[in-house]
Ligand code: 5GP
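In our numbering, the protein residues as written are 13 to 200.
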């Protein structure tokens, strides 16, 4: 393989169900490489270190930034989140299609570095549905849920800066649509 892979960024407000959509995409196309981010947020009950995230202290995260090892990073609801550069660069070089599941500030930074990246904003069906999903997830305190909803409002305003907007009405349908978008994007 000597053709470079396609870099796809998927952003969505927290609780929009992007994890489910991405899991569907990986089920349909297991050759996709999902980047594992680093974060300073504490692990949730189901989180596995090195699989869901690399959980780092603020100091360790700062060292990665200083060493130029983060492709992008951003602060989100009080914690750092970032994309470790080496695996992404290696996978793209080897012709694999890479997915970054990141928030909108990071998405903007990726667009500056990789103008050819396909950027997808996953839109929740409604604000009420978003609130319902965040509450049902049962992982965040009411205070954090309110902060995430406020952040969601700002994020939705950024949707126009993405190459495409996909409605997350049903995870399977949204996953199919994104996979088709990647396929046609690679042909252009
Ligand atoms: P959560 O705490 O719900 O796992 O993630 C919070 C937000 O951080 C989500 O919008 C998620 O997409 C975003 N996020 C996860 N990893 C990264 C990353 O590497 N970089 C950036 N900029 N955002 C990320």
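Each residue gets a CB set at the ideal place from its N, CA and C atoms; glycine is no exception.
Between which residues of its own chain and residue i is the CB-CB distance below 6 Å, once the five residues before and five after are set aside?
i           : result
residue 172 : none
residue 170 : 116
residue 205 : Outside the shown range of the chain (13 to 200) lies residue 205, about which nothing can therefore be said.
residue 94  : 50, 82 and 85
Name the DSSP beta bridge partners of residue i, please?
i           : result
residue 96  : 82
residue 113 : 22
residue 50  : 66 and 94
residue 131 : 21
residue 176 : 132
residue 45  : 110
Can you have a look at residue i and say buried or exposed, based on whether 16 or more other CB atoms are within 10 angstroms of its CB?
i           : result
residue 109 : buried
residue 132 : buried
residue 39  : exposed
residue 125 : exposed
residue 60  : exposed
residue 57  : exposed
residue 113 : buried
In whole angstroms, what is the alpha-carbon distance linking residue i and residue j?
i           : j           : result
residue 75  : residue 87  : 15 Å
residue 201 : residue 176 : Examination of residue 201 is not possible in this model, given that the chain is present from 13 through 200 alone.
residue 140 : residue 158 : 12 Å
residue 104 : residue 144 : 37 Å
residue 89  : residue 44  : 29 Å
residue 63  : residue 199 : 31 Å
residue 154 : residue 29  : 18 Å
residue 100 : residue 138 : 33 Å
residue 184 : residue 41  : 13 Å
residue 34  : residue 85  : 20 Å
residue 168 : residue 119 : 13 Å
residue 98  : residue 180 : 30 Å
residue 135 : residue 77  : 30 Å
residue 37  : residue 66  : 22 Å
residue 121 : residue 150 : 31 Å
residue 53  : residue 69  : 9 Å
residue 55  : residue 156 : 15 Å
residue 46  : residue 111 : 5 Å
residue 31  : residue 23  : 11 Å
residue 238 : residue 96  : Only positions 13 to 200 of the chain appear in the structure, and residue 238 is not among them; the question remains open.
residue 102 : residue 16  : 10 Å
residue 73  : residue 182 : 35 Å
Tell me which residues share the same chain as residue i and place their Cβ nearer than 7 Å to its Cβ, disregarding the 5 neighbours each side in the sequence.
i           : result
residue 13  : Legend: pLDDT at residue 13 = 45, less than 50; position of this residue unreliable, no value from coordinates given.
residue 189 : 178
residue 164 : 25, 26 and 142
residue 123 : 129 and 131
For chain B, find out if any of its Cβ atoms is closer than 7 Å to the Cβ of residue i; answer yes or no.
i          : result
residue 90 : Note that chain B does not occur in the displayed structure, where there is just one protein chain.
Residues in its own chain within less than 8 Å of residue i by CB, not counting five upstream and five downstream?
i           : result
residue 152 : 146 and 160
residue 130 : 18, 19, 20, 21, 175, 176, 193, 194 and 197
residue 91  : 51, 52 and 53
residue 191 : 37, 40 and 41
residue 1   : Since the displayed the chain opens at 13 and closes at 200, residue 1 lies outside it and no answer follows.
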